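4 protein chains.
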Amino acid sequence: MPVPAPNLYPPFNIVRLSHVEYRVRDLAASRAFYVDILGLQVTHEESGRLYLRAMEERGHHCIVLVEADTADVGVLGFKLYDEPDLERAERFFAEKSLPTAWVERPHMGRTLRTRDPWGIPLEFYVRMDRLPPIHQKYRLYNGVKPLRIDHFNMFSADVDASVAFYGEMGFRVTEYTEDDESGRLWAAWMHRKGGVHDVAFTNGLGPRLHHTAFWVPTPLNIIDLLDLMSTSGYVANIERGPGRHGISNAFFLYVRDPDGHRIEIYCSDYQTVDPDLEPIRWSLTDPQRQTLWGAPAPKSWFEEGSTFESAEPVPSQLKAQPIIAP
Amino acid sequence: MPVPAPNLYPPFNIVRLSHVEYRVRDLAASRAFYVDILGLQVTHEESGRLYLRAMEERGHHCIVLVEADTADVGVLGFKLYDEPDLERAERFFAEKSLPTAWVERPHMGRTLRTRDPWGIPLEFYVRMDRLPPIHQKYRLYNGVKPLRIDHFNMFSADVDASVAFYGEMGFRVTEYTEDDESGRLWAAWMHRKGGVHDVAFTNGLGPRLHHTAFWVPTPLNIIDLLDLMSTSGYVANIERGPGRHGISNAFFLYVRDPDGHRIEIYCSDYQTVDPDLEPIRWSLTDPQRQTLWGAPAPKSWFEEGSTFESAEPVPSQLKAQPIIAP
Amino acid sequence: MPVPAPNLYPPFNIVRLSHVEYRVRDLAASRAFYVDILGLQVTHEESGRLYLRAMEERGHHCIVLVEADTADVGVLGFKLYDEPDLERAERFFAEKSLPTAWVERPHMGRTLRTRDPWGIPLEFYVRMDRLPPIHQKYRLYNGVKPLRIDHFNMFSADVDASVAFYGEMGFRVTEYTEDDESGRLWAAWMHRKGGVHDVAFTNGLGPRLHHTAFWVPTPLNIIDLLDLMSTSGYVANIERGPGRHGISNAFFLYVRDPDGHRIEIYCSDYQTVDPDLEPIRWSLTDPQRQTLWGAPAPKSWFEEGSTFESAEPVPSQLKAQPIIAP
Amino acid sequence: MPVPAPNLYPPFNIVRLSHVEYRVRDLAASRAFYVDILGLQVTHEESGRLYLRAMEERGHHCIVLVEADTADVGVLGFKLYDEPDLERAERFFAEKSLPTAWVERPHMGRTLRTRDPWGIPLEFYVRMDRLPPIHQKYRLYNGVKPLRIDHFNMFSADVDASVAFYGEMGFRVTEYTEDDESGRLWAAWMHRKGGVHDVAFTNGLGPRLHHTAFWVPTPLNIIDLLDLMSTSGYVANIERGPGRHGISNAFFLYVRDPDGHRIEIYCSDYQTVDPDLEPIRWSLTDPQRQTLWGAPAPKSWFEEGSTFESAEPVPSQLKAQPIIAP
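Heads up: the protein sequence lines correspond to chains P, S, A and H, in order.
Heads up, the first sequence is in full-length UniProt numbering, so the first residue is 1 and it goes up one at a time.
Heads up, the second sequence is in full-length UniProt numbering, so the first residue is 1 and it goes up one at a time.
Heads up, the third sequence is in full-length UniProt numbering, so the first residue is 1 and it goes up one at a time.
Heads up, the fourth sequence is in full-length UniProt numbering, so the first residue is 1 and it goes up one at a time.
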C-alpha cells in the first residue's frame, strides 16, 4: 500500500480546514455568485473585501473575497486546537526551512503564515471572531443552503510527496487512487475533522487549487441550485454533475465562479473518526472511481485549476491518465 | 404556430395511455431488470409471458413482457372512457382505411386492435381486470418505487403528420420543438390524462418506440436507482441523466433494459387539464430544451429505439439536427 | 356501498377547481403570510384586493384576498370546459331553483354565479386571463414552493346529500369514510381533474370551508415550511402535521392564515382518471384513516372552519365521532 | 452558565460512542424489528445473540441483542484512540473507586469493563474486528437505511453531576436546557466525535437509557420508515415524530422496539469539532426546545426508559417539569 500509516501523535493539532482567500477581478460579480446564487452569508464587507460564512458556521468567515488584478488563491486557512499548537506548528515549518511569519489578520487571533514545500500559502490560527448561531434562522437560507466549508482539493505534481508531508502533520488518508503500473498515488483524500477529507491531492500541474467544497443538507438542494443557476444566467458556470463519486460516496456538483474558481457542492460522505479506519483503494482504470454511475468527467475538470499567489506550478512526471469525457 | 388547435370534441374519448407489450429475448433477464431493479410488481406469470403493474395502478398491467426471438414492441395500449367509445374508435380507424380487428386479450375486456397510418400497432379497450390497491403496502415498494406508467415517446419520420393524426384523436399539444428554418415540428408532447404527455413524437427514423416512461415520487428515488444499478451489475444500462428537461420540466433518467428497450424514470411535470393551455414553443437550437442544466444528450439517445412488430421504419426528410454530446 | 355510481355523462363539464376568494381583516398581514411565507406570486394588486397564483398556474389567480370586516369565504370558483357548458350549468342550477346570475369578474370572462343547495357560493367560468409560464423561473420560488391549487374541503351537515349533489355534477368519489353503524357517509373525496379530489366533504356544522389545499413538489418542501414558520413568528399558525393521510395517501401539513382560514400543504396523492376507479372505503373507527402513522388530529381541526358569506351553518345530525387527540 | 468549561486535555482519549448491548425477551421478534424494519445488517448470529452494524460502519457491531428474561441494557460501549488510553482509563475509574475489570468480549480486543458513579455499565476498547465496507453495496440498503450509531441519551437523577463527570472524561457540551429558577441543568448534550452528541442526559428517574440514536441520510428515509412501520404491523411502535428538535436542529423520529427499548432515527445535526464551540442554552419553558415546530412530546417519552443491568434508578430532586402533551 502506497499510503503512509496514520500519524497518531502529530507535531501539532489541526482541528479542521477553515477558510480560503480568493482573489477575484470583479467583486460585485463574485458577490452575486457567492451570496445570491450559492447563499453564503455576508459577515463583513469593506472596500475591496468581502467575508462570508455558511449557515452552521460560528467562525467569522470561511471565504474571503479580495478584489485583485489577478484571479488566484491568497491562502488556505486551518484552525488549530489550542494556543501551544501555534508554537509547535511554527517549529515544524521552521525546522523544514519553510518560511514562517506571525501576521495580523482581521477578525482572527494570532496567525502563523507559512507555505508547504511546494509553495502553497497556508495559515494557522486558534481564535477567530465567533458569531451568533444562524443555523435556525431559516429565513436566511438561500441558494444551495450551504452548511459549512468541507474541504480543499489541490493539484499536486507529486501526490506521494504531498501525502507524506500532510500525513506527517496528522492528516489521515481515507481513500486513494493508485496507478496500477507504477504503484504510485494518483490521488488521495485526507482528513482531520472526521469526514472523508479536509484536504485532497490530485495528480497534475501543481500546486494549484482544484476546488473548495461546501456541505449541503441533501441532494435536493443541489438539484435546486442547478435549476436556479440554469435559469438565472449561470448555465455556463455548471461544469460537472450532478453525480455520485465512487470515492467518498458523495453526491456532488461542480460549478465555476465568475473567475473560474471551482466550487464543489457536496453531501453524503461518511464518518471517519476511527484512527484505525482502513483507507479504500481505487484503481486509476476504474471509471466508477470518478462517478459511481459511470459518466466520465469533462476535460476542463482534469486540467483547470486556480493558481496560488506566488507559487509557480510544475508538471507532474506521472504519465498515467484517467478516463476523460471526449 | 405549427401546432394544431386542440380538438375539444374528439371522435372517441381516450382516457390515458395504458400499457406496452415488449418482446424480449431472455425473459428471466428482463424479469430481473423490471422487477428486482425497477421494482414493478408481477401480477401474472405464465410460460413465456409476464404481466407487471406499478405501485398505484389498479389495472392488471402496464407492461407485458413476451419472450420472443426478436426484441421489438408488440403493441401500445390505450384505455377508453366508455363502451360506445370502442365502436366510435373502430369507425374512426376504418374510415381512414386502417386495419381494425376485435381481439381477445387476457385480463382485458373487448379490445380493438389497429395501427396508426405509419404502422404503429395500437389497441384500445374499456375494461381491464381491476386489482386491489397496493399503494399503501409499503413493504412491496422496491427499486425506483415506480408509481404509474406515464407516457410513450416515439420516433416519427414526419412529426407534423403524426401530431395532426393524434391531435384529431384528441391528444392536445403541451410543448413542442420547432425547426426555426423550415417552421416544421421537430418534436411534440401531447396528452389526454392531464400531464405533459401520454404520447410524444421526436423526429427520426420512424416509427420506432423511443421510450416508455414511469412516474416516481421524487428525484431521490431516481438517485437511489442510479446507486442500485451502478453497484449491482447494471452500470452500462444507464444511458442519460439524471437531469431536468427544459421541455416538461421533468427530472429524468434514461436506462436501457437487457434488450435495449429504453425506459425513462420521471417525476415533476405539471398539470395540463385546462383545454386552453397554451403550448410552449422551444427552438431546436436551444440546448436547454433537452437539459435545462445544459448538458447535451448522448448520440445513442438520439439514434437508437425499439422497432414495432411488422412496422418498417423510414428515414425523416427533415435535415435539422439537435446538439449531440461528442 | 353508500357512494353513488359515477355520473359518466354529467350535465356540464367541470374541468377543475379554480380559485377561492378569502375575505380577510388585515390585507397586509395576509399578504405577508401568503406571499412571504407560503410563496404564492402576486399577479395583481389594488386597493383592498390581492390576486395570487401558484408557480405552475397560467390562469390569473387561484386566491383572491379581499379586505373586509369579517373573515369569511366569498366564493369557490370552478373552470368549465367550453362556452356551451356555461349555459348548461345555468340551466342545471335554475332547474333546481337555485339562484343564478351572470356576473362581471375582473380578469375573467363570462361568469355564472350561483349557490349549492346549502348556500355555498359558487362561480363557474371558461375564460380567465392567461399569464406567461413561470414554473421555470426558479428565482421566484419561495416559501413552500406551491405549484398549484389542489382542492377544497368543506364541512357538510349532510355528507350523503352533498355527495349526491356534487356527484350529479360529475364529481367522482375516490375515497370515503363510512359510519359503520348507520351506514351513512362521514366524509367523501370527489374529483374532476384526475387526482384524489377537487372537493371533499366532512361531517360537521356546515356549510363551512374546512380548508383549501396547495400541491407542492416533495415532503421536503413541507419540512422547509415548518422550519421557516416556526422561526419567523408563525409557530402558532401550525395546526397539524406533518403526516401522511391514510385517505388519499397524501403527505400533509395544515396551517392557519392570520384570520384562521386553514390551508393544507399537500403532496403525493395518486392518479384517478380511470372512470371505473373503485372508491376506497374507510371505517370511521380506523385511526389510520386520518393519519396513516397513527397520531390523531387535534380538536380544532375537527371543529373549526371558515363560514361562507351569507350561508348560515347548521349542525349535523350524525352522532358518530372520530378519534380526536386529547 | 451552569456548564463546565471543556476539558481540552482529558485523562484518556475517547473517540466516539460505539455500541450498546440490549437484552431482549424474544430474539426473533427483535431481529424482525432491527433487521427487517430498521435495516441494520447482521454481522454475526449465534444462539441467543445477534450482532448488528449500520451501513457505513466498519467496526463489527453497534448493537448486540442478547436474549434474556428481563429486557434491560447490558452495557454502553466506547472506542478509545490508542492502547495507552486503556490503561489511562483504568486508572481514571480506579482512582474514583469505581469497579474496573479487563474482560473478554467476542469480536473485540482488550476491553475495560467499569461503571459510572450512578451504576451505568460502560466498556472501553481500542480494537474491534473490522469488516469490509458495505456503504456502496446499495442492494443491501433496507428499512430506514441506517448509516451509523449516533448517540446515547440517558435519564439522570442529577444532570449537573452527570455532566461534570462526563465532562471530566472529555465530553464537551454543545447544547443544554436550564431550569430558569434553580439555575440547574435539566438536560445536556455532550460530544466527542464532532456532532451534537455522543451522550446526552435528561432529568428523571435515573440512571436509565432513554434511547439509542441512528443517523440516516435524509428526512425522506424517516418518512419511508413511518410508511413501512404503519403498514406492516408496527404502528403502535411509533412514539413521537417526525419533527425537528430545537435542540440539535435534528430531524427526528422515536420508535420503540418489541421490548420497549427506544430508538431515535435522526438526521441533520451540525459539526462541533471546534473546541471553542459555544454551548447553546435553552430555557426549560421554551417549547421549541423540544420541537422547533411547537408540538409537545407525549408523556411516555418523558417517563419511560430502559433500566441498566444491576443499576437501580433513583428519582430526581429537580421539581421543574417540561411541557408535556395532554
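For each residue, glycine too, the CB sits at the ideal point set by N, CA and C.
Treat the numbers as computed from the prediction; the structure is a model and nothing was measured.
The segment 260-289 of chain H: positions lying closer than 8 Å to chain P by Cβ
Going along the segment 260-289 of chain H in chain order, one finds Ser268, Tyr270, Gln271, Val273, Asp274, Pro275, Asp276, Leu277, Glu278, Ile280 with a Cβ nearer than 8 Å to chain P.
Subject >> Proximal residues to Ser310 (chain S) (C-beta, below 8 Å), its chain only, five neighbours per side dropped >> reply: The residue you call residue 310 (chain S) lines up with position 310 of the second sequence. Same-chain partners within the cutoff: Gly119, Pro121.
**Prompt:** Thinking C-beta only, is Val196 (chain P) closer than 8 Å to Val3 (chain P)?
**Reply:** Locating residue 3 (chain P) in the first sequence gives position 3, where the first residue counts as 1. Locating residue 196 (chain P) in the first sequence gives position 196, where the first residue counts as 1. Result no, Cβ atoms of Val3 (chain P) and Val196 (chain P) do not sit closer than 8 Å.
- Item | Continuous beta strand (DSSP E) assignments of at least 3 residues falling wholly in the segment 92-177 of chain S | 100-103, 111-115, 121-125, 148-156
| field | Three-way DSSP call (helix, strand, coil) for Tyr34 (chain P) in this model | value | Your numbering for residue 34 (chain P) matches position 34 in the first sequence. Three-state DSSP puts Tyr34 (chain P) in a helix.
Determine which residues share a DSSP beta bridge with Cys267 (chain S) and list them. On the second sequence, residue 267 (chain S) is found 267 positions in, with the first residue counted as 1. For Cys267 (chain S), which the question treats as bridged, DSSP gives the partners S:Phe251.
Just to check my reading of the structure: Asn249 (chain A) and Gln136 (chain S) have Cβ atoms closer than 8 Å, yes? What is that Cβ distance to the nearest angstrom? Here residue 249 (chain A) is taken as the residue at index 249 of the third sequence, counted from 1. Here residue 136 (chain S) is taken as the residue at index 136 of the second sequence, counted from 1. Indeed they touch by this definition, with Cβ atoms about 6 Å apart.
Can you list the residues of chain S that Gln41 (chain H) reaches, using a CB-CB cut of under 9 Å? Taking the first residue of the fourth sequence as position 1, residue 41 (chain H) is located at position 41. Result: empty, since nearest Cβ-Cβ is about 15 Å, beyond 9 Å.
> Is there contact here, the segment 301-317 of chain P with the segment 67-84 of chain P, by at least three beta-carbon pairs under 8 Å?
Replying inline: Using a C-beta cut-off of 8 Å, the segment 301-317 of chain P makes contact with the segment 67-84 of chain P, since at least three inter-stretch Cβ pairs fall below that distance.
| said: Closest to Ala320 (chain S) by C-alpha separation, out of S:Asp179, S:Phe12, S:Lys96, S:Gly183, would be which residue? | reply: One-based indexing of the second sequence puts residue 320 (chain S) at position 320. Among S:Asp179, S:Phe12, S:Lys96, S:Gly183, the Cα nearest to that of Ala320 (chain S) belongs to S:Asp179.
- Please confirm whether Phe171 (chain S) and Leu209 (chain S) have their CB atoms less than 8 Å apart. Within the second sequence, the letter at position 171 stands for residue 171 (chain S). Within the second sequence, the letter at position 209 stands for residue 209 (chain S). No, Cβ-Cβ distance for Phe171 (chain S) and Leu209 (chain S) is not below 8 Å.
Worksheet item: Do Phe252 (chain P) and Gly260 (chain P) have their C-beta atoms closer together than 8 Å?
Response: In the first sequence, the residue the question calls residue 252 (chain P) occupies position 252. In the first sequence, the residue the question calls residue 260 (chain P) occupies position 260. No; because the gap between Cβ atoms is not below 8 Å, this pair is not in contact.
Between Gly294 (chain S) and the rest of its own chain, which residues show a CB-CB distance below 8 Å, the 5 nearest in sequence each way excluded?
Residue numbering aside, residue 294 (chain S) sits at position 294 when the second sequence is read from its first letter. So the list reads Pro287, Gln288, once near-sequence residues are dropped.
**Asked** Do you know offhand how far Pro275 (chain P)'s Cα is from Tyr22 (chain P)'s?
**Response** As a first step, residue 275 (chain P) must be located in the first sequence, where it is residue number 275. As a first step, residue 22 (chain P) must be located in the first sequence, where it is residue number 22. Roughly 33 Å separates the two Cα atoms.
Indicate whether at least one CB of chain H lies closer than 8 Å to the CB of Arg139 (chain S). Numbered from its first residue, the second sequence carries residue 139 (chain S) at position 139. At least one chain H Cβ lies under 8 Å of Arg139 (chain S).
| Buried or exposed by the 16-neighbour rule on C-beta atoms within 10 Å, applied to Thr285 (chain H) | Against the fourth sequence, residue 285 (chain H) aligns to sequence position 285. Exposed.
* Neighbour-count burial assignment, Gln317 (chain H), 16 or more Cβ in a 10 Å radius -> Against the fourth sequence, residue 317 (chain H) aligns to sequence position 317. With fewer than 16 Cβ atoms within 10 Å of its Cβ, Gln317 (chain H) is classed as exposed.
Margin query: Looking at the secondary structure, which residues open and close the alpha helix (DSSP H) in which Ser18 (chain S) lies?
Written below: As a first step, residue 18 (chain S) must be located in the second sequence, where it is residue number 18. From DSSP, Ser18 (chain S) is part of no alpha helix (DSSP H) but of the beta strand (DSSP E) over 14-24.
In chain order, what residues of the same chain have a beta carbon less than 7 Å from the beta carbon of Trp301 (chain A), not counting five sequence neighbours either side? The sequence position of residue 301 (chain A) within the third sequence is 301, counting from 1. Residues Glu239, Arg240, Tyr254 of the same chain have their beta carbon placed closer than 7 Å to that of Trp301 (chain A), with the five preceding and five following residues left out of the count.
### Query
Alpha carbon to alpha carbon, what distance is there between Tyr51 (chain S) and Ile14 (chain A)?
For the purposes of this step, residue 14 (chain A) is identified with residue 14 of the third sequence, where counting begins at 1. For the purposes of this step, residue 51 (chain S) is identified with residue 51 of the second sequence, where counting begins at 1. For Ile14 (chain A) and Tyr51 (chain S), the distance between alpha carbons rounds to 35 Å.
Counting only Cβ pairs nearer than 8 Å, list the residues of chain H close to Leu98 (chain A). Taking the first residue of the third sequence as 1, we reach residue 98 (chain A) at position 98. Under the 8 Å cutoff, chain H gives no residues; its nearest Cβ is about 43 Å from Leu98 (chain A).
*Using the beta-carbon of each residue, which ones in chain S are nearer than 9 Å to Leu220 (chain P)?*
Against the first sequence, residue 220 (chain P) aligns to sequence position 220. Per Cβ cutoff of 9 Å: Thr218, Pro219, Leu220.
**OP:** Between the Cα of Phe78 (chain A) and those of A:Asp227, A:Arg113, A:Pro258, spot the shortest distance and give me the residue it belongs to.
**Re:** By one-based count along the third sequence, residue 78 (chain A) stands at place 78. Ranking A:Asp227, A:Arg113, A:Pro258 by Cα distance to Phe78 (chain A) puts A:Arg113 first.
message: Counting beta carbon pairs with one atom in the segment 179-192 of chain S and one in the segment 200-215 of chain S, are three or more of them shorter than 8 Å?
response: yes
For Trp215 (chain A) and Leu147 (chain A), which I take to be in contact (beta-carbon distance under 8 Å), what is that distance rounded to the nearest angstrom? Indexing the third sequence from 1 puts residue 215 (chain A) at position 215. Indexing the third sequence from 1 puts residue 147 (chain A) at position 147. Their Cβ separation, rounded to whole angstroms, is 5 Å, which keeps Trp215 (chain A) and Leu147 (chain A) in contact under 8 Å.
- CB contact check: Asp179 (chain A) to chain P, cutoff 8 Å: Taking the third sequence and counting its residues from 1, one reaches residue 179 (chain A) at position 179. No, Asp179 (chain A) lies away from the interface with chain P (no Cβ there is under 8 Å from its Cβ).
task = Identify which residue in H:Ile37, H:Met55, H:Glu57, H:Ala28 has its Cα closest to the Cα of Arg49 (chain H).
result = Walking along the fourth sequence from the start, residue 49 (chain H) turns up at place 49. Checked all of H:Ile37, H:Met55, H:Glu57, H:Ala28; the closest Cα to Arg49 (chain H) is H:Ala28.
Measure the CB-CB distance between Arg58 (chain S) and Arg110 (chain S) and report whether it falls below 8 Å.
-> In the second sequence, the residue the question calls residue 58 (chain S) occupies position 58. In the second sequence, the residue the question calls residue 110 (chain S) occupies position 110. Cβ atoms of Arg58 (chain S) and Arg110 (chain S): not closer than 8 Å.
Cβ atoms of Trp282 (chain P) and Thr177 (chain P): under 8 Å apart, would you say? Here residue 177 (chain P) refers to the residue found at position 177 of the first sequence. Here residue 282 (chain P) refers to the residue found at position 282 of the first sequence. Yes, they are a contact pair.
Exercise for review: Could you check what DSSP says for Gln41 (chain P) in three-state terms: helix, strand or coil?
Suggested key: As a first step, residue 41 (chain P) is located in the first sequence; it is residue number 41 there, counting from the start. Three-state result, Gln41 (chain P): strand.
Practice prompt. Go ahead and pull the three-state DSSP assignment for Ala54 (chain S).
Written response: By one-based count along the second sequence, residue 54 (chain S) stands at place 54. Coil at Ala54 (chain S), not helix or strand.
Just list the residues that DSSP pairs Ser306 (chain P) with in beta bridges.
Here residue 306 (chain P) refers to the residue found at position 306 of the first sequence. In the DSSP output, where bridge partners are listed per residue, Ser306 (chain P) has P:Leu209.
* Could you tell me which chain A residues have their CB closer than 8 Å to the CB of Gly170 (chain S), listed as they occur along the chain? => Numbered from 1 along the second sequence, position 170 holds the residue referred to as residue 170 (chain S). Here the premise fails: no neighbours, minimum Cβ distance about 13 Å.
- request: Could you check if Glu87 (chain A) is buried or exposed, using at least 16 other CB atoms within 10 Å of its CB as the buried criterion?
  value: Translated into positions along the third sequence, residue 87 (chain A) becomes position 87. Glu87 (chain A) comes out exposed.
message = Quick check on this structure: which residue in A:Asn142, A:Tyr9, A:Pro6 has the alpha carbon closest to the alpha carbon of Arg53 (chain A)?
response = The residue you call residue 53 (chain A) lines up with position 53 of the third sequence. The shortest C-alpha separation from Arg53 (chain A) is found at A:Asn142.
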